[in-house]
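Student:
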Amino acid sequence: MSARRPRPAPPKHRAIYDRLRRELDAGIHPEGHRLPTDLQLARAFRVSRPTVARALDDLRREGRIERIAGSGTYVRRPPAAPGARTLGLLIPGLGDTEIFEHICGQMARVAAREQCTLLWGGCGRDAQESQGGQALHACQDFIRRKVDGVFFAPLEFSPDRDEVNRRILRDLAAAGIATVLLDRDLEPFPHRSDLDLVGIDNFRAGFVACDHLLRHGGRRVDFLARPGSAATVERRAAGYRQALLGAGLRPSDDWVHTVDPADPAAARRLVRSGASAVLCANDKTALALMDSLRGLGLRVPGHVRVAGFDDLPFARHLDVPLTTLRQPCEDLGTVALQTMLTRLAEPSLAPRTIQLRCDLVVRASCGCRPARAAGRRAPPPRKGEPDA
2 MSARRPRPAP PKHRAIYDRL RRELDAGIHP EGHRLPTDLQ LARAFRVSRP TVARALDDLR
62 REGRIERIAG SGTYVRRPPA APGARTLGLL IPGLGDTEIF EHICGQMARV AAREQCTLLW
122 GGCGRDAQES QGGQALHACQ DFIRRKVDGV FFAPLEFSPD RDEVNRRILR DLAAAGIATV
182 LLDRDLEPFP HRSDLDLVGI DNFRAGFVAC DHLLRHGGRR VDFLARPGSA ATVERRAAGY
242 RQALLGAGLR PSDDWVHTVD PADPAAARRL VRSGASAVLC ANDKTALALM DSLRGLGLRV
302 PGHVRVAGFD DLPFARHLDV PLTTLRQPCE DLGTVALQTM LTRLAEPSLA PRTIQLRCDL
362 VVRASCGCRP ARAAGRRAPP PRKGEPDA
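Numbering (our numbering), first residue to last: 2 to 389.
Right under this line is the structure:
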């Protein structure tokens with residue numbers, strides 16, 4: 002029997018088209034944004050300029066871009082069907098984490114299927130303006146465009162975040178624009194805003210991650226977060242404390258650290274305090290801590306075991322791959338879009354909190370043998386574990 006012939010590789014221009022289309026769907030290139038020149042794209046993709054031109058021509062025929070002779074290639078708003086809903090994405094931290102890029106990409110795909118137009122708010126376009134200022138301008142832009150609804154991820158890490166978050170929600174409400182919160186509320190637990198919220202079960206995630214570290218060595222787990230973190234981090238810390246209680250341990254305030262993980266002095270104090278297993282509030286915090294520990298001559302997991310949250314793409318490619326809780330990005334994007342459509346159809350519904358589960362991904366940083374499966378379900382509950 003003859004060997005099966007290999008499937009031919011897709012045309013080079015199709016790979017460029019697919020990449021740019023994904024970036025447009027995710028809102029990385031907002032309406033009116035000028036794309037890199039054909040020459041710049043050709044160098045970036047290591048192809049010829051005619052190959053780039055073919056990819057851009059496909060996008061032009063779809064109405065996604067506009068080619069202006071002597072000026073450049075610009076992003077156009079996708080054409081909307083008659084009577085279609087227009088929705089806005091107001092994600093101030095879109096450029097700071099890949100999580101929202103994946104979530105927003107899925108929202109764009111669902112929006113297209115539902116014949117909705119999804120607009121990106123443009124945060125990050127002016128490097129000289131504060132994140133809060135950019136978010137406020139994006140909000141006013143959505144109000145001028147008379148969008149039907151806005152997806153908003155409240156600011157974190159910004160000194161004026163509380164004032165900016167409340168002003169944005171106040172202005173959207175005054176304009177009669179429906180709002181769905183993504184990932185987090187602007188109110189600290191146990192308070193709750195009167196808006197729909199779609200995110201993960203952060204309490205359960207904190208419990209599962211801490212419980213895993215406790216089950217695999219040691220009677221102490223520390224929790225590390227950056228200053229100015231969102232309310233989601235407080236819920237993860239609450240789940241962490243519950244896991245300690247479930248293991249018969251008394252949580253100590255000395256085990257919870259709000260510091261910059263990239264500061265070697267802070268990492269040194271953490272280790273000198275007796276920390277041997279650290280649960281970080283997210284993957285970027287875990288990465289910074291691991292770099293600081295390496296700079297101090299300490300090994301992960303030999304000296305300190307580390308775990309994070311999110312499962313960003315880099316987590317599996319580190320020298321010591323990171324144990325983490327994986328966010329269900331596609332499900333979050335789908336549920337968020339459907340939540341908005343339900344809110345627009347039934348505006349009198351009571352505010353809803355929709356929490357999706359995320360699974361533990363075991364890798365080398367926690368000192369355990371990595372699980373064979375891509376994601377691992379939580380172990381049997383300890384005494385005192387809350388219902389998930």
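Think of the CB as a built atom: it goes at the ideal place given N, C-alpha and C, for glycine as much as any other residue. This structure is a prediction, so every number in the text was calculated from the model and none was measured.
(1) Using DSSP's beta-bridge definition, name the partner residues of Gln328.
(2) Is Phe310 near Asp292, with beta carbons less than 8 Å apart?
(3) Does DSSP put Ile17 in a helix, a strand or coil?
(4) Going by other Cβ atoms of all chains shown within 10 Å of its Cβ, with 16 needed for buried, is Leu225 buried or exposed?
(5) Report yes or no: do three or more beta-carbon pairs, one from the segment 186 to 197 and one from the segment 92 to 112, lie closer than 8 Å?
(6) When we look at the beta-carbon of Glu157 and count the other beta-carbons within 10 Å, is it buried (16 or more) or exposed?
(7) What are the residues that DSSP puts in a beta bridge with Arg86?
(8) At what residues does the alpha helix (DSSP H) containing Val111 begin and finish?
(9) In chain order, what residues of the same chain have a beta carbon less than 6 Å from the beta carbon of Leu313, not counting five sequence neighbours either side?
(10) Could you say which of Phe204, Asp212, Gly134 lies nearest to Val363 if we only look at CA atoms?
(11) Met108 and Leu338 look like a contact to me (Cβ under 8 Å); what is the Cβ gap, rounded to whole Å?
(12) For His258, write down the residues that DSSP places opposite it in a beta bridge.
(13) Using the three-state DSSP reduction, which class does Gln32 fall into: helix, strand or coil?
(14) For the ligand MG, I want to know if Thr340 counts as a neighbour, meaning its beta carbon is within less than 7 Å of at least one of the ligand's heavy atoms.
(15) Taking its Cβ as the centre, do 16 or more other Cβ atoms sit within 10 Å of Gln41, making it buried, or is it exposed?
(16) For Arg306 and Arg270, I'd like the C-alpha separation in whole angstroms.
(17) In or out: Arg378 buried (at least 16 other Cβ within 10 Å) or exposed?
(18) Where does Ala232 fall in DSSP's three states?
(19) Using three-state DSSP, classify Leu333 as helix, strand or coil.
(20) Would you say the segment 273 to 280 touches the segment 222 to 240, given that touching needs at least three Cβ pairs under 8 Å?
(21) Which residues bound the alpha helix (DSSP H) around Phe204?
(22) Can you give, in chain order, each stretch of the beta strand (DSSP E) that sits fully within the segment 111 to 199 and has at least 3 residues?
(23) Between Arg162 and the rest of its own chain, which residues show a CB-CB distance below 6 Å, the 5 nearest in sequence each way excluded?
(24) Do you know how far the Cα of Arg251 is from the Cα of Leu245?
(25) Does the distance from the C-beta atom of Leu290 to that of Pro262 stay below 8 Å?
(26) Mapping the DSSP letters down to three states, classify Cys367 as helix, strand or coil.
(27) If we count Cβ pairs, one from each stretch, closer than 8 Å, do we get three or more for the segment 168 to 177 versus the segment 326 to 333?
(28) With distances taken between CB atoms, is the gap from Cys367 to Ala206 smaller than 8 Å?
(29) Kindly identify the DSSP beta-bridge partner or partners of Tyr75.
(30) What are the start and end residues of the alpha helix (DSSP H) that includes Val272?
Tutor: Looking at the atomic coordinates:
(1) According to DSSP, Gln328 bridges with nothing at all.
(2) no
(3) helix
(4) buried
(5) no
(6) Buried is the call here.
(7) None; Arg86 has no bridge partner.
(8) 99 to 114
(9) Glu99, Asp284
(10) Asp212
(11) Indeed, because the Cβ distance is near 5 Å, the residues count as touching under 8 Å.
(12) Under DSSP, His258 shares a beta bridge with Leu225.
(13) The sequence as given places Glu at residue 32; Gln does not occur at that position. Reduced to three states, the DSSP call for Glu32 is coil.
(14) Inclusion of the ligand MG in the displayed structure is not the case, the ligand content being empty and no account of it being possible.
(15) exposed
(16) 16 Å
(17) With a pLDDT of 46 at Arg378, under the threshold of 50, the predicted position of this residue should be treated as unreliable, and no value is reported.
(18) helix
(19) helix
(20) yes
(21) 203 to 216
(22) 118 to 121, 150 to 153, 179 to 183
(23) Leu156.
(24) Going by the C-alpha atoms only, they are around 7 Å apart.
(25) yes
(26) Three-state result, Cys367: helix.
(27) Taking a cut-off of 8 Å for Cβ pairs, the segment 168 to 177 and the segment 326 to 333 do not touch, as fewer than three such pairs fall below it.
(28) no
(29) Arg35, Glu67
(30) 265 to 273 is the span of the alpha helix (DSSP H), which, as asked, contains Val272.
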